[in-house]
Amino acid sequence: MPPSSRDSAAGAGWTCREPGTYTSLMPSRVRALSWVSPATLWRARNDVLARWFGDPTDDERARWVREQAARGAAPDLAIERDDPDSFSFMILGDTGEGDDSQYAVVPGFERIAEGTRFAVIASDVIYPTGSVNDYPAKFFRPYQGYHAPIYAVPGNHDWYDGLGGFMRVFCGAPPLSPDGRPRTFSAAWWRRLFWKEPEVADEERLAAAEVLRGAPGQRAVQPGPYWMMDAGPLRLIGIDTGILGGIDADQGAWLRRVSQGPRPKILITGKPLYVDDAAHPCPIAGGGTVDEIVRDPACNYVAAIGGDIHNYQRYPVRVGDRVIQYIVAGGGGAFMHATHTIPRVTVGGVTEDEFRCYPMRGDCLAFYGRLYGRRLRLRRFFELTEDEAAAVIEQRLGIPPRRPTRAAVTLRCRIVASLLGVPSRPHRRSRLRLPVRRIYQRFLSPVSDCDRPPLFKSFLRLDVTPDGLRIRCFAATGCREHELDPPLEDELTLDFRR
53 MPPSSRDSAA GAGWTCREPG TYTSLMPSRV RALSWVSPAT LWRARNDVLA
103 RWFGDPTDDE RARWVREQAA RGAAPDLAIE RDDPDSFSFM ILGDTGEGDD
153 SQYAVVPGFE RIAEGTRFAV IASDVIYPTG SVNDYPAKFF RPYQGYHAPI
203 YAVPGNHDWY DGLGGFMRVF CGAPPLSPDG RPRTFSAAWW RRLFWKEPEV
253 ADEERLAAAE VLRGAPGQRA VQPGPYWMMD AGPLRLIGID TGILGGIDAD
303 QGAWLRRVSQ GPRPKILITG KPLYVDDAAH PCPIAGGGTV DEIVRDPACN
353 YVAAIGGDIH NYQRYPVRVG DRVIQYIVAG GGGAFMHATH TIPRVTVGGV
403 TEDEFRCYPM RGDCLAFYGR LYGRRLRLRR FFELTEDEAA AVIEQRLGIP
453 PRRPTRAAVT LRCRIVASLL GVPSRPHRRS RLRLPVRRIY QRFLSPVSDC
503 DRPPLFKSFL RLDVTPDGLR IRCFAATGCR EHELDPPLED ELTLDFRR
């Protein structure tokens, strides 16, 4: 096993000797995804409209599910499988940018995925708006070499096109027919006036792309945007959290029903329940939360895994006499969200010693410092070495570096850390901060969409036995040596017998 980022700078990809070969997998022409271009912002307008004029996601999802039931979807939206008691599968989240950051994950993913039975994409299969016409370059082409089925739960970006592309590719569903007209000048009327409608599929191009994953072992049709799957001794339950991160009442009733029983369960969701030192229990329309169901001992959940935030985080939360692993697995192919802005962890009773994230905070701070140094042409000011970044994280958060360092924390290091959003103890916010979180996520993502190593992407392999489950997080740095042998960044084993 090669060294990881916790062992050495080389394991993090800072001393990359040779770039990866993943560029040979990419189309000859790749259109860079820019979130600040007026065209992209206009295409992604449904997020803003849903917040201003009401979110129609619940009603649209209910229509999709009714249509699927009329076409003969399995009861309880079950995916029928025949897996043995011992098997393996993959999870990766937020995949579909279609550029270097997505394709860099593919070689290592295929290597670690050897022998697995299926894969699941957790959130945001396609950026920026889930269009059916983006699937050829952002789904079929990159994963043509994975020789097993791929299932998915949609993220908010998949809903910006009305979920039409997702339902067509994963469920084989035709477009929804138009619904009734809202009352004139109502909130729904204003929303409909500007709402982005689903794109019309380029049938010829889509048919050609489907051939790339057309082998019998690759084909899979899931019954709806949310689903359940009994795989060996384990039950997987995927939920659809729409645009704003909640679920509708019908889906809530279904979730309560399929979560009952002693079989060990994993929840896969488009929005994580724990992330960035905060709990997001996921409201259910009509009352209750998803996390209440996950924490119910009668449901026997062992883990809840979500995408949406583009890094890896793990929170082992003690609930009564058991521990539930809450995992963020959004490092599968989009720009990187910062981990150095996460304060010293205390949420859910989880200590900093128990918490895991990738990239580590020091590496993330060094990554952002180099990005801002290049973009603002202030390299001598912003750029921190990996050792300097780890040292300033230790000083401000009290988190000892995993890799030994003797770097001094200078005034410049402290200023850069404050500008880039590193919290201090207690968790005070700097008055002057560059946009590394919400503004950054929504409008300035190209600044962090770096196409040179280290890329700090990640994916999961889960190995199931009758007695337990092993979860491993592997890194994709963009370096050739890590394509051949991906570093292991986190590992845990769950005992079903407890």
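Quick note: the sequence shown uses my numbering, first residue 53, plus one each step.
Every residue gets a Cβ at the ideal spot worked out from N, C-alpha and C, and that includes glycine.
All values derive from a computational prediction rather than experimental measurement.
Residues near residue i in its chain [Cβ-Cβ closer than 7 Å; skip 5 each side]
| i | result |
| --- | --- |
| A469 | L417, V444 and R448 |
| P538 | G160, R163, I164, F526, A527 and A528 |
| R97 | F246 and K248 |
| Q312 | A350 and C351 |
| E251 | S183, V184, N185 and D213 |
| I491 | Since pLDDT at I491 reaches only 46, below the 50 mark, its modelled position is unreliable, and no value is offered. |
| A189 | P79 and G150 |
| E406 | P368 |
| P19 | For residue 19 there is no data in the structure shown, the boundaries of the chain being 53 and 550. |
| L544 | Q377 and I523 |
Residues near residue i by beta carbon distance below 6 Å, same chain, minus five either side
| i | result |
| --- | --- |
| I336 | I299 and G304 |
| M78 | Y155 |
| L577 | No information on residue 577 is available, as it lies outside the stretch 53 to 550 that the chain covers here. |
| P71 | none |
| R83 | none |
| E112 | none |
| I318 | L288 and A355 |
| A171 | M142 and I202 |
| R265 | F192 and Q196 |
Element boundaries [alpha helix (DSSP H), containing residue i]
| i | result |
| --- | --- |
| C223 | G216 to C223 |
| L463 | L463 to L471 |
| G414 | R413 to R427 |
| I164 | V158 to I164 |
| L430 | Where L430 is concerned, there is no enclosing alpha helix (DSSP H), given that its DSSP letter is neither H nor E. |
| L319 | Per DSSP, L319 belongs to no alpha helix (DSSP H); it is in the beta strand (DSSP E), K317 to T321. |
| N208 | N208 to W211 |
| G304 | A301 to V310 |
| L245 | A239 to F246 |
| L507 | Note, L507: premise wrong, no alpha helix (DSSP H); not H, not E. |
| Y74 | Here Y74 belongs to no alpha helix (DSSP H), and DSSP marks it neither H nor E. |
| R532 | R532 to L536 |
| A102 | N98 to F105 |
| A350 | Segment: none, A350 is in no alpha helix (DSSP H) and carries neither H nor E. |
| D152 | D152 to Y155 |
| L63 | According to the sequence provided, residue 63 is Gly. The question's Leu does not apply to it. Segment A61 to A64, the alpha helix (DSSP H) holding G63. |
Cβ-based neighbour list, residue i, same chain, cut-off 8 Å, excluding 5 preceding and 5 following
| i | result |
| --- | --- |
| L507 | G65, D152, S153, A156, M388, A528, T529 and G530 |
| E344 | P333 |
| R464 | F433 |
| R483 | Any answer about R483 is weak, because its pLDDT of 49 lies below 50 and its placement is not dependable; what the coordinates show is given next. Answer for R483: no residue qualifies. |
Exposed unless 16 or more other CB atoms sit within 10 angstroms - verdict on residue i
| i | result |
| --- | --- |
| Q270 | buried |
| E541 | buried |
| W241 | exposed |
| P452 | exposed |
| M142 | buried |
| T403 | exposed |
| R169 | buried |
| W104 | exposed |
| F237 | exposed |
| M219 | buried |
| R413 | buried |
| T109 | buried |
| L428 | exposed |
| T73 | exposed |
Residues bridged to residue i [DSSP beta-bridge criterion]
| i | result |
| --- | --- |
| A126 | According to DSSP, A126 bridges with nothing at all. |
| C525 | L512 and D542 |
| M281 | I131 and L288 |
| Q377 | A355 and P368 |
| S140 | D515 |
| I23 | This structure leaves residue 23 out entirely; the chain is present only between 53 and 550. |
| D252 | Checking the sequence, you will find Val at residue 252 rather than Asp. DSSP lists no partner for V252. |
| P335 | T341 |
| V327 | A330 |
| G520 | D547 |
Enclosing beta strand (DSSP E) for residue i [first to last residue]
| i | result |
| --- | --- |
| V346 | Counting along the chain, V346 falls outside any beta strand (DSSP E), though it belongs to the alpha helix (DSSP H) covering V342 to R347. |
| A171 | F170 to A174 |
| L449 | No beta strand (DSSP E) contains L449, which is instead part of the alpha helix (DSSP H) from E438 to L449. |
| Y410 | R408 to Y410 |
CB-CB length for residue i against residue j, believed under 8 Å
| i | j | result |
| --- | --- | --- |
| P206 | P268 | Between P268 and P206 the Cβ distance is about 25 Å, and since that is not below 8 Å, they are no contact. |
| G224 | V273 | 5 Å |
| T181 | R95 | 5 Å |
| G145 | G290 | Contact flag wrong, Cβ pair sits at about 12 Å. |
| T393 | P475 | 7 Å |
| E438 | P54 | Not quite, the Cβ-Cβ distance comes to about 17 Å (not below 8 Å), so this is no contact. |
| D329 | V397 | 5 Å |
| V342 | V380 | With 8 Å as the limit, V342 and V380 do not qualify as a contact, their Cβ atoms being about 15 Å apart. |
| T321 | G358 | 4 Å |
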